[in-house]
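A.B. asks:
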Amino acid sequence: MNFDPINPVPGLYDMTHNEYHSLVVHGHTVMGRSILMKHNDCPASVILKEEQTAAMLRGQAFHSFILDGFEAFFKEFIVLPEIPCPEGQNPRGWKNTNEYKGQMKDFMTANEGKAVIPNDMWDILINGQIAIDNHPFARHLISHIKTKEQSAIWQDEETGIWCKARPDMSAPESQVLVDVKMLKNVSEYAVNNDIRSYGIDIQAAMSTDAYRIVAGHEIETFLLITVCPTPPYRVEVYELDSEWITRGRSEYHRLLRIEKSCIEADSWPNYQNAGNQVLVIPGYLKTWEER
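Here the sequence shown is numbered in UniProt numbering, starting from 1 and rising by one per residue.
Below you can see the structure in the form of structure tokens.
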């Protein structure tokens, strides 16, 4: 069943990454975690076209490489080739020559529509895959959970806004959802900070609620496979406790209410506060006497 933006029906859908990220209903963007979190900057950020960064490309490529397999990966991505410098030419100036530029242009034309992965990023993907395969529980999850990147779409009861979630792996019969994240530091302390910073708790809450609403599945466990992109490519698997899920649920409903007010006013202002705010000096900057 394909999702119909004119006559939307809540449910679980199989769709491509591009289809998921471009979902609209009645002219309004379907709200996922990354879009909703832009309200934490200011509402105007929500309606700006998002420019892809190197970190975003790496994340998309990593997910596809780990979850979709080689064949599907190379339908969307291509690795930038190393075109060797001809013998007798100066290697320093090789990439500025017409010959090199011509070969590169031919390569880009032959792979039009695919995202180009630099060689250093390709090395990270390969080593990340090996690292996951070396972690017993992470390997077990990826090899045994067959449903990957299924999109859940539903209408929020309180605001009427259409929402979406796309857990990396889902095993609702076992009441488990799994997400894979590449993070700079996968220690317990660092991941706890990243959960808040990147809204992973929001993602977990939206995914958990989505499966209950559209499929009647009560999800008890949200697991996070974390991979570090630098040697030794440490891998850890974490379970978000119920307090993280509760916090994420409260946050995404708060952000939905902000989006609802913007829709009703037909205005997405470039500020959080229409008046002024008092800046209080942080406690860590105070002297011991002041404390």
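Backbone N, C-alpha and C define an ideal beta-carbon position, used for all residues, glycine too.
Is A152 helix, strand or coil by DSSP?
C.D. replies: Strand.
A.B. asks: For F73 and H17, what's the separation of their Cα atoms in angstroms?
C.D. replies: 12 Å
A.B. asks: Can you have a look at A55 and say buried or exposed, based on whether 16 or more other CB atoms are within 10 angstroms of its CB?
C.D. replies: exposed
A.B. asks: Would you kindly work out how many angstroms separate the C-alpha atoms of L240 and S197, rounded to a whole number?
C.D. replies: 15 Å
A.B. asks: Smallest Cα separation from C42: which of A274, T29, D120?
C.D. replies: A274
A.B. asks: Could you check the C-alpha separation between R234 and E188 for me, to the nearest Å?
C.D. replies: Whole-angstrom Cα-Cα distance: 12 Å.
A.B. asks: Any idea if F137 is buried or exposed, counting beta-carbon neighbours within 10 angstroms, 16 or more meaning buried?
C.D. replies: exposed
A.B. asks: Rounded to the nearest angstrom, how far is the Cβ of V46 from that of W268, given a contact under 8 Å?
C.D. replies: 6 Å
A.B. asks: Mind checking H144: buried by the 16 CB within 10 Å criterion, or exposed?
C.D. replies: exposed
A.B. asks: Would you please state the rounded distance, in angstroms, between the beta carbons of D156 and L256? I believe it to be under 8 Å.
C.D. replies: With 8 Å as the limit, D156 and L256 qualify as a contact, their Cβ atoms being about 6 Å apart.
A.B. asks: Among residues of its own chain, excluding the 5 on either side of E218, which ones have a beta-carbon nearer than 7 Å to its beta-carbon?
C.D. replies: So the qualifying residues of the chain are Q175, R212.
A.B. asks: When the Cα of R139 is compared with those of L67, T97, D266, I124, which residue comes out closest?
C.D. replies: L67
A.B. asks: Quick one: using the 10 Å Cβ neighbour count with 16 as the cut-off for buried, is G113 buried or exposed?
C.D. replies: exposed
A.B. asks: Return the residue from the list L48, A131, K38, D209 that minimises the CA-CA distance to P10.
C.D. replies: D209
A.B. asks: Just grab the DSSP bridge partners of T147 for me.
C.D. replies: S170
A.B. asks: Measure the CB-CB distance between W154 and V214 and report whether it falls below 8 Å.
C.D. replies: yes
A.B. asks: Among Q52, L57, N7, which has the Cα closest to the Cα of L125?
C.D. replies: L57
A.B. asks: Can you name the residues that DSSP bridges to H28?
C.D. replies: V25
A.B. asks: At a threshold of 7 Å, does E218 count as lining the ligand ZN (C-beta to nearest heavy atom)?
C.D. replies: The ligand content of the structure shown is nil, which means the ligand ZN is not present either.
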